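Report on the structure given below.
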Amino acid sequence: GLKVLYKGGCPSRSGQGGNRDPGIVPIPPAMWELRAASFWRAIFAEFFATLFYVFFGLGASLRWAPGPLHILQVALAFGLALATLVQAVGHISGAHVNPAVTFAFLVGSQMSLLRAFCYMAAQLLGAVAGAALHPGVSVGQATIVEIFLTLQFVLCIFATYDERRNGRLGSVALAVGFSLTLGHLFGMYYTGAGMNPARSFAPAILTRNFTNHWVYWVGPIIGAGLGSLLYDFLLCPRLKSVSERLSILKGARPSESNGQPEGTGEPVELKTQAL
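Our numbering numbers the first residue of the sequence shown as -5 and each following residue consecutively.
Below, the structure is given as structure tokens:
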């Protein structure tokens, strides 16, 4: 039935008579979903996840040299991309990344029609955005590749180590390792898959070759920062004040920043159900 927003007064109780308050405005159930910040975070998560799924999967499928396409590499890239994204945003949107999967949830009455429509739209837009790839990169494009590689890696790490999560985490080591493997399956052809300034700095020192070496610093640093901001402020926000964050930066333990131990809070696993 319809949920009701009360602007004033109380509705009469059944069997007690009285007139209905004229200030009562019936609100369609879908409006409650549209007003929820978690709903829009889930929509963005589907857009973001599908973009990265297509970006990494198709990127690993491009032909860089004559000869047969390595089918195993392509299969691993798509599979590890999905595994990484399920770990990163599965607790936010379910990480459907596929209109067919979303339709199955709709048929099973596990999500509302509005949410299903928005999921599918976000997935299609994300897929188009992630498909703009071609073999060969300029220095600027190489930097962007390093940003994307490190962003997905850091996002997976943040989601895996998030103490607020309470279910279906799996192996932390495997999740992070698969994310790194995905980065290499895609990035080896483009930039060599730096993703780590220290790892790129060592061979540059030994070979005395610093040509475009800045790419392997700027890209990962920007990607890591974006991954942190994306997870902590948009996908799964942490309710910390500016003073608490500054206290942590000054060296205070998180539990000391507000004088009270930091609890695990309520579960944040999302279930896509109709309202």
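Glycine residues also receive a C-beta, built at the ideal position from the N, C-alpha and C atoms.
Note that the structure is a prediction, hence the values are computed from the model and not measured.
Every alpha helix (DSSP H) stretch that sits fully inside the segment 111 to 168 and reaches 4 residues is listed by chain position as 133 to 155.
Judged by DSSP secondary structure, Met25 falls within the alpha helix (DSSP H) whose first and last residues are Pro23 to Leu28. In the structure shown, the three-state DSSP call for Arg239 is helix. Secondary structure at Ala31: helix, using DSSP grouped into helix, strand and coil. Counting the other Cβ atoms within 10 Å of the Cβ of His128 gives fewer than 16, which makes it exposed. Measuring C-alpha to C-alpha distances from Phe33 to each of Phe97, Tyr113, Thr137 and Ile199 identifies Tyr113 as the nearest.
Secondary structure at Trp211: helix, using DSSP grouped into helix, strand and coil. Contact check between the segment 81 to 89 and the segment 36 to 49: three or more CB pairs, one atom from each, fall below 8 Å, which counts as touching.
With fewer than three CB-CB distances shorter than 8 Å, the segment 115 to 133 does not count as touching the segment 147 to 166. Cβ contact annotation for Thr96 (same chain, cutoff 6 Å, sequence separation greater than five): His90, Ala110, Tyr113 and Met114, in chain order. Non-local C-beta neighbours of Ala39 in its own chain, meaning closer than 7 Å and more than five positions away in sequence, comprise Val83, Ile86, Ser87 and Leu229, ordered along the chain. As the crow flies, the alpha-carbon of Tyr210 is around 7 Å from that of Met189. In the three-state reduction of the DSSP assignment, Arg109 falls in the helix class.
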